[in-house]
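**Q** Letter by letter, the first sequence follows residues 1 to 190 of this note's numbering.
In this text, a Cβ means the ideal position worked out from N, Cα and C, and glycines have one as well.
Being a predicted model, the structure only gives us computed values, none of them experimental.
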Amino acid sequence: MSALPITIDAAPLPRAFYARSTLDVARDLVGQVLVCGERQGRIVETEAYIGQADRACHAFHGRTKRTEILFGPAGHAYIYLIYGMYHCLNVVTEAEGTPGAVLIRAAEPLGRGPGVLCRELGLSRAQNGLDLTTASELRILASRCSAGEVQASPRIGVDYAGEWAAEPWRFTIPDNRWVSGPRSTPRRRA
DNA sequence: GAAACGATTACT
DNA sequence: GTAATCGTTTCA
Numbered sequence: 001m002s003a004l005p006i007t008i009d010a011a012p013l014p015r016a017f018y019a020r021s022t023l024d025v026a027r028d029l030v031g032q033v034l035v036c037g038e039r040q041g042r043i044v045e046t047e048a049y050i051g052q053a054d055r056a057c058h059a060f061h062g063r064t065k066r067t068e069i070l071f072g073p074a075g076h077a078y079i080y081l082i083y084g085m086y087h088c089l090n091v092v093t094e095a096e097g098t099p100g101a102v103l104i105r106a107a108e109p110l111g112r113g114p115g116v117l118c119r120e121l122g123l124s125r126a127q128n129g130l131d132l133t134t135a136s137e138l139r140i141l142a143s144r145c146s147a148g149e150v151q152a153s154p155r156i157g158v159d160y161a162g163e164w165a166a167e168p169w170r171f172t173i174p175d176n177r178w179v180s181g182p183r184s185t186p187r188r189r190a
C-alpha cells in the first residue's frame, strides 16, 4: 500500500472534471480525497453507471422524480436509499441532459462498501443534490498522491443487468484493504 | 391500490 | 445462505 506523502488541493475539483465521460470520471476519481465535514479519505473504489442504455443505471427507466438529478448538471451528489437500510453516494457526470453517475464505493479509512461509507460520513437523502464543487460540507479534492495503477473489474451487485453486468466499469486501487468485494489478488487455495 | 425488487450488510 | 427494511417502480 502506498505510504507516499499526499498533496491535496485546497479547492474542490471543478465542475469541468465531472462534466466528462462517466468512465473517465470514475477512473480519475480513484486516488482523490473525499471530504465530509471533519472526515476525509482517499477514494479507493468507484463504479460507473452510464446513461439510459445501461440496464444497471437508475436512469435506465428514464427520467423520473428520483433520477431527475442524474440528468442535471455534473458535480452534484446523488444519494439514494438502497435495500431500505443503506445509502449510496454518487457523483453526477456528463453534460446536462445526459444521465450518468459514479458510485463512490469506498475510501480509506471509510470503507468498506458504499453503505458503510455513507453511514460513517453521516450521509443520507438529506444531502441529496449537494453541489460537490462548492459545498463546504461535502466536496472532493484533487490529490497528487501516487495511486499506482487503477484496476478495472465488473461492477458489484448488478447481476440482474444481463450483458451490462459484465462490463468492467468498477475501478479500484489493487490490493487496498478498504476495497470491498473481490480482491484483485484473491487468496489462492493450496 | 398492491406487490415486487433492489448499485448492501451483518449474522447463522 | 438469508434476514432486515422501505422507497421506487410496475402491474392490475
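Any chance the region 74–87 sits against the region 159–172, with 3 or more Cβ pairs inside 8 Å?
**A** no
**Q** Distance, Cα to Cα, L123 vs F17?
**A** 23 Å
**Q** Which runs of the beta strand (DSSP E), 3 residues or longer, sit entirely within the region 53–141?
**A** Within the region 53–141, the complete beta strand (DSSP E) segments of 3 residues or longer fall at 77–82, 86–92, 100–108, listed in chain order.
**Q** Is the region 5–15 in contact with the region 64–71, if contact means three or more CB pairs nearer than 8 Å?
**A** no
**Q** I want to know whether the region 21–38 touches the region 103–110 - three or more CB-CB distances under 8 Å.
**A** yes
**Q** Tell me, please, which residues DSSP counts as bridged to T172.
**A** E45, Q151
**Q** Given a cut-off of 7 Å on the beta-carbon distance, is the pair A56 and W164 in contact?
**A** Result yes, Cβ atoms of A56 and W164 sit closer than 7 Å.
**Q** Q108 and G41: beta carbons closer than 7 Å?
**A** The sequence given here has Glu at residue 108, not Gln. At the C-beta level, E108 and G41 come within 7 Å of one another.
**Q** Once the 5 residues before and after G181 are set aside, which same chain residues still bring their CB inside 7 Å of it?
**A** Apart from sequence neighbours up to five positions away, the residues of its chain that approach G181 with a beta-carbon distance below 7 Å are I156, ordered along the chain.
**Q** What's the call for R170, buried or exposed, on a 16-neighbour Cβ count within 10 Å?
**A** buried
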